[in-house]
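Chemist: Residue numbers (our numbering): 1018 to 1883. From the three backbone atoms N, C-alpha and C, an ideal C-beta is built for every residue, glycine too. Computed from a predicted model, the values in this text were never measured in an experiment.
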Amino acid sequence: MVDSDQHERLMALPSNEEVKRAVMGLNGDSADGPDGFNGAFYQICWEIIEEDVVQMVKAFFCGQRLPKSVTHTNLVLLPKKKEVMTFVDMRPISLSNFVNKIFSRVIHDRLVELLPNIISEEQAGFVNGRSIVENVLLTQEIITDIRLRTKAGPNVVIKLDIEKAYDKLSWLFLTKTLRKVGFPETFIGLIFDLIGNNWYSVLINGQPNGFFKSSRGFKQGEPLSPTLFILAAEALSRGLNSLHTNLYFCGFGMLKWSPKINHLSYADDTIIFCSSDETSLRLVMEVLQAYESSSGQLVNKTKSATYLHHLTDNEVINKVERITGIRRQCFPMTYLGCPIFYARRRGDYYQGLITKVMDKLQSWKDKLLFVGGRAVLIANVMQSIPIHMLSAVNPPNYVINKLHSIFAKTKPTLCSAFICQKYCKKLNAVIVPWKGGYRVWRKMLECRDLIEHQIYWKLRMGSAQFWFDNWTEMGALYFQVPAEFGIDEDIHNINDLAENYLANHIVQNIRPPTESSQLDTPFWMLETMGHFIVKSAWGYLRRRANPKLAYKIIWVKGLPFKISFFPWKVWKAKLPLDDFLRKIGYSMPSKYWCCGDPKEESLVHLFFTSNAARSVWRYFLRRSGIALDGLSLHQAITKCWTTPVVPRLKPVLQALSACIVWELWKRRNSLKYGEAVSVSRVIYQVSSTLQSLVQLKKPGLHVPHKWLDLLTMMEQYTPRLKYDKVDEAGDLIYAKGREISEGTNNESEAVVIVEALKMCKNLNYCRIWLQTDSMLLKNIIEESWKPPWYITEHVEEILRLNEQSTINVTHIFREGNTLADHLANYALDEGNIECHGFWDLDSKGRRIINEDKMQCPYIRVKVARN
């Protein structure tokens, strides 16, 4: 039920930030409504129109009725299947005015916070913390046990198809449901104004026709529609759940310790689990009929289906079909796009997935795309298609291999509770042994053994499990302690049996729980931000062959993808030149397009032996200190990759060969189609591309009046602590450098800042200008970025110190902070250093101070990256 505090939050006037969040959360590229303004206009021009939009939203919350010009909506009819015979085969999509979506989104955002406490666990759609994958997994687990008979007979699965689910729902039924849940009348009135005050025109051949008002249903494509639908469907869910209290109802046969589940829903996709007992089936149908009569919705019995075990007697099958009026079908059953079955898996069960991928490729006509376009298509669009299915099921290798060949061309949930009761019983999931179970469960155990130790629990209030959670960064203690040590012994005995490194690690690195009420936080240690990403898990588990040097270096960051990809085709000789076409059976007249000689065009001549190519290569290699004579094309490219140069210029030299072959290729194509391009032009284009990779920035070192300038420096791969304090005149007040034991660059810099700020606090410096060469730490301290999981403790301490002083944080490159850099190197080479004034510095340090006072510039060379 919705309580009084939630009433107030629902009806409070929206703030500017709330409205802005709603506007920015909508899709700016969605189709515009009748007024012609799409979301991109509102998002780009927000600073101009903000006040007007916010006042309009507030007026709506105060009871102002929306005019027809705002609620007017265009209907576009999209076909559901290839052959459209009637309007039933069309799906009406609403193209609303964007401003109308803003009202809907604000209400939706407020409702979303309440849904987890209102919607039954059996409903997984559009509720925070619930997943479509869990619904599929739970359905598969239940159907795996379909063979378990009950005293009332075999098990039955009923898959429902709701006809025009969004379009037929009664508004009266929705308002009654909202009242039952406890929503206030004023809030129900706002919702009714949004759904009951819509005027429609139908787009036919791109032109709006008609102007009529709706009498029931929701707009498809509106932010609020899915939320309202699951609120209305909650009546059906609670009606089915109430059957558990009916003594005459016999449910689906499950293991005795399993939670009672008789249905699962995801929006309008509903599955009912029941026994074949006649009384139980009639009770289920009575609930469905009551829901149909009151909600206006209708179960399409021709598209619905019942499923039973293949060994079930025909007499039972006929009884089920007679009582339900729904025909029986055979497994596999498709639910939420995934095949559900109880027998052995087969490759043809996943044919729908393969067909979907192939249809996408054909519709996009991938062969008309350049190789870069195909790579983007596969990476960002095609591979997202099977992820939903692969997250929930474990298809055979045949399906995975087939897909690869096509491409080359938290709070416990109902699902987790069911699986834990079924397989874990009283054991912790970390130590459950491999004993039977469905294939997905066995795959979960396999993944557990491979990557469970990469989940680290950051201690807060100490809620992590002592033996089974990885709160030491070294794995669960259950596996660290020798087997003869009983886990029910006193904790102080660990030191006697555990290896010394474990005890020392805990004492030195793990802080005790705090008095905070915040629960311990899990982090995925393979990602900087601690969030689980499938890519990092796969990269950790898979066996990687050592890549060849050419394939490893050929990709240069900073170059456009089309240029970076092209050298690979040159290296592999996969360009459609005349000599290559002849080898694959295409004979044609040929000549050297780069110079006009009547000879067969070849890759080596085009890119290396022609006069134009030699001139370009010689121009750049001579300036790089590389002799061209005696080299082949591959050798010249390899020389560009391997010639020793200043580390910061190495990517520029690696990019040189890619730029040369790309510009020579462009010149060849221009000459072939009648446009003259000189060698000087090629050299100029290569130089311009290389220059775009290098940037020159001038660091600013101005210190405000009466501020303390606190400079910190972090040296890559060499953890050292170093910082110095300079007053407004540029004179040194204090400097320190020492070696520290923190492992990563960010950890080292965080430790430096903590120690420096603590010293400033002890000396009563209240206004501090903190300059750091870590852009990450700068943004974290300003709270514009979230910290990586491994420095959260240091960041929390920095933020606490920040509250006690006025600290201005800026980013500075190492070249602009040479004194701190010098102290870092000095501490590494000579040992710790501590200076209380100018004359305590060594000669180089004093020279740096004097050069800073004279405003001598420092040059930083950096390769630009995309």
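As a quick exercise: from A1169, G1854, I1212 and Q1306, pick the residue whose alpha carbon is nearest that of C1267.
Modeler: As a position in the sequence shown, residue 1267 is number 250, starting the count at 1. Checked all of A1169, G1854, I1212 and Q1306; the closest Cα to C1267 is A1169.
Chemist: Identify the residues that DSSP records as bridge partners of N1091: which are they?
Modeler: Counting from one through the sequence shown, the residue named residue 1091 turns up at place 74. Per DSSP, L1112 and S1218.
Chemist: In three-state DSSP terms, what is L1514?
Modeler: Here residue 1514 corresponds to residue number 497 of the sequence shown, with the count starting at 1. Note that L1514 scores 40 on pLDDT, short of 50, meaning its location in the model is unreliable; the coordinates nonetheless yield the value given after this. Helix.
Chemist: Buried or exposed, going by whether 16 or more other CB atoms sit within 10 Å of the CB of F1637?
Modeler: In the sequence shown, counting from the first residue as 1, residue 1637 sits at position 620. It counts as buried.
Chemist: Could you check what DSSP says for Y1359 in three-state terms: helix, strand or coil?
Modeler: Locating residue 1359 in the sequence shown gives position 342, where the first residue counts as 1. In this structure, Y1359 counts as coil in the three-state DSSP scheme.
Chemist: Hey, how far is the Cα of W1488 from the Cα of M1461?
Modeler: The sequence position of residue 1488 within the sequence shown is 471, counting from 1. The sequence position of residue 1461 within the sequence shown is 444, counting from 1. Looking at the two C-alpha atoms, the distance is approximately 22 angstroms.
Chemist: Based on the DSSP output, what are the partners of K1475 in its beta bridges?
Modeler: Locating residue 1475 in the sequence shown gives position 458, where the first residue counts as 1. Answer by DSSP bridge pairing, in chain order: T1538.
Chemist: Please report the distance separating the alpha-carbon of E1158 from that of Y1283.
Modeler: Within the sequence shown, residue 1158 is the residue found at index 141, counting from 1. Within the sequence shown, residue 1283 is the residue found at index 266, counting from 1. C-alpha separation (whole angstroms): 17 angstroms.
Chemist: Does the contact criterion of 3 or more C-beta pairs under 8 angstroms hold for the segment 1093-1113 versus the segment 1069-1083?
Modeler: At 8 angstroms Cβ cutoff, the stretches do not touch.
Chemist: If I measure Cβ to Cβ from I1824 and keep anything under 7 angstroms in the same chain, skipping five residues before and after, which residues do I get?
Modeler: As a first step, residue 1824 is located in the sequence shown; it is residue number 807 there, counting from the start. Result list for I1824: I1785 and L1787, in chain order.
Chemist: Can you pull the DSSP bridge partners for N1226?
Modeler: Indexing the sequence shown from 1 puts residue 1226 at position 209. Per DSSP, V1219.
Chemist: Using a Cβ-Cβ cutoff of less than 7 angstroms, which residues in the same chain neighbour F1200 once the five nearest sequence positions on both sides are dropped?
Modeler: In the sequence shown, the residue the question calls residue 1200 occupies position 183. Answer for F1200: V1019, listed in chain order.
Chemist: Report the start-end ranges of each alpha helix (DSSP H) in the segment 1233-1271 that is 4 residues or longer and not cut off at the edges.
Modeler: Whole alpha helix (DSSP H) segments, 4+ residues: 1242-1258.
Chemist: By Cβ distance below 8 angstroms, which residues in the same chain neighbour V1087 in space, the five residues on each side in sequence not counted?
Modeler: Working through the sequence shown from its first residue, we reach residue 1087 at position 70. Here the set comprises N1114, V1116 and N1117.
Chemist: Count Cβ pairs between the segment 1792-1799 and the segment 1830-1849 that sit closer than 8 angstroms; are there 3 or more?
Modeler: Touching, no.
Chemist: Closest by CA to G1206, which one among H1326, L1083, P1225 and L1328?
Modeler: Here residue 1206 is taken as the residue at index 189 of the sequence shown, counted from 1. When only C-alpha atoms are compared, the closest one is L1083.
Chemist: Thinking C-beta only, is I1288 closer than 9 angstroms to I1149?
Modeler: Within the sequence shown, the letter at position 132 stands for residue 1149. Within the sequence shown, the letter at position 271 stands for residue 1288. No, these two residues do not count as a Cβ contact at 9 angstroms.
Chemist: Would you say the segment 1650-1657 touches the segment 1550-1562, given that touching needs at least three Cβ pairs under 8 angstroms?
Modeler: The answer is no - the segment 1550-1562 does not touch the segment 1650-1657, with fewer than three Cβ pairs under 8 angstroms.
Chemist: Quick one, are the C-beta atoms of S1297 and T1329 less than 9 angstroms apart?
Modeler: As a position in the sequence shown, residue 1297 is number 280, starting the count at 1. As a position in the sequence shown, residue 1329 is number 312, starting the count at 1. No, Cβ-Cβ distance for S1297 and T1329 is not below 9 angstroms.
Chemist: Tell me the rounded alpha-carbon separation between S1649 and L1620.
Modeler: The residue labelled residue 1649 in the question sits at position 632 within the sequence shown. The residue labelled residue 1620 in the question sits at position 603 within the sequence shown. For S1649 and L1620, the distance between alpha carbons rounds to 12 angstroms.
Chemist: Across the segment 1140-1148 and the segment 1220-1239, are there enough close Cβ pairs to call them in contact, namely three or more that are closer than 8 angstroms?
Modeler: The answer is no - the segment 1220-1239 does not touch the segment 1140-1148, with fewer than three Cβ pairs under 8 angstroms.
Chemist: So does the segment 1300-1307 actually touch the segment 1246-1264, counting three or more Cβ pairs closer than 8 angstroms?
Modeler: Counting Cβ pairs under 8 angstroms, three or more are found: they touch.
Chemist: In its own chain, which residues sit with a C-beta less than 6 angstroms from the C-beta of Y1473, not counting the 5 before and 5 after it?
Modeler: For the purposes of this step, residue 1473 is taken as residue 456 along the sequence shown, with counting starting at 1. Cβ neighbours of Y1473 beyond the five flanking positions: N1487, E1490, F1540 and M1542.
Chemist: Name the two residues that bound the continuous alpha helix (DSSP H) containing A1630.
Modeler: Here residue 1630 refers to the residue found at position 613 of the sequence shown. Note, A1630: alpha helix (DSSP H), N1628 to R1640.
Chemist: Determine which residues share a DSSP beta bridge with H1828 and list them.
Modeler: Position 811 of the sequence shown, counting from 1, holds the residue named residue 1828. DSSP, once it has assigned bridges, lists T1789 as partnering H1828.
Chemist: Could you check the C-alpha separation between R1863 and N1849 for me, to the nearest Å?
Modeler: Taking the sequence shown and counting its residues from 1, one reaches residue 1863 at position 846. Taking the sequence shown and counting its residues from 1, one reaches residue 1849 at position 832. If you take the alpha carbons of R1863 and N1849, they lie about 17 angstroms apart.
Chemist: Sort out for me which residues DSSP pairs V1174 with in a bridge.
Modeler: Residue mapping note: residue 1174 aligns to position 157 of the sequence shown, counting from 1. In the DSSP output, where bridge partners are listed per residue, V1174 has F1290 and Y1324.
Chemist: In the structure shown, what three-state DSSP assignment does R1755 receive?
Modeler: Position 738 of the sequence shown, counted from the start, is the residue given in the question as residue 1755. If DSSP states are grouped into helix, strand and coil, R1755 belongs with the strands.
Chemist: Out of curiosity, what's the CA-to-CA distance linking T1789 and K1574?
Modeler: Here residue 1789 refers to the residue found at position 772 when the sequence shown is read from its first residue. Here residue 1574 refers to the residue found at position 557 when the sequence shown is read from its first residue. So the alpha carbons of these two residues sit roughly 25 angstroms apart.
Chemist: By how many angstroms is the C-alpha of T1827 removed from the C-alpha of R1639?
Modeler: Locating residue 1639 in the sequence shown gives position 622, where the first residue counts as 1. Locating residue 1827 in the sequence shown gives position 810, where the first residue counts as 1. So the alpha carbons of these two residues sit roughly 41 angstroms apart.
Chemist: Could you give the distance in angstroms between the alpha-carbon of F1549 and the alpha-carbon of S1480?
Modeler: For the purposes of this step, residue 1549 is taken as residue 532 along the sequence shown, with counting starting at 1. For the purposes of this step, residue 1480 is taken as residue 463 along the sequence shown, with counting starting at 1. So the alpha carbons of these two residues sit roughly 21 angstroms apart.
Chemist: Quick one: Cα of N1152 to Cα of L1281, how far?
Modeler: Reading the sequence shown from its first residue, position 135 is the one you call residue 1152. Reading the sequence shown from its first residue, position 264 is the one you call residue 1281. Answer to the nearest angstrom: the Cα atoms are 7 angstroms apart.
Chemist: At what residue ranges does the segment 1545-1580 contain a whole run of the beta strand (DSSP E), taking only runs of 3 or more?
Modeler: Complete beta strand (DSSP E) runs here, min 3: none at all.
Chemist: Less than 8 angstroms between the CB atoms is what I'm expecting for L1774 and L1818, so what's the real figure, rounded?
Modeler: Residue numbering aside, residue 1774 sits at position 757 when the sequence shown is read from its first letter. Residue numbering aside, residue 1818 sits at position 801 when the sequence shown is read from its first letter. Going by Cβ atoms, the distance from L1774 to L1818 rounds to 4 angstroms, so yes, they are a contact pair.
Chemist: Where does E1469 sit, in a helix, a strand or coil, going by DSSP?
Modeler: Here residue 1469 is taken as the residue at index 452 of the sequence shown, counted from 1. If DSSP states are grouped into helix, strand and coil, E1469 belongs with the helices.
Chemist: Which same chain residues, not among the five before or five after P1804, have their C-beta less than 7 angstroms away from its C-beta?
Modeler: The sequence position of residue 1804 within the sequence shown is 787, counting from 1. Excluding sequence neighbours, P1804 sits near I1797 and V1812.
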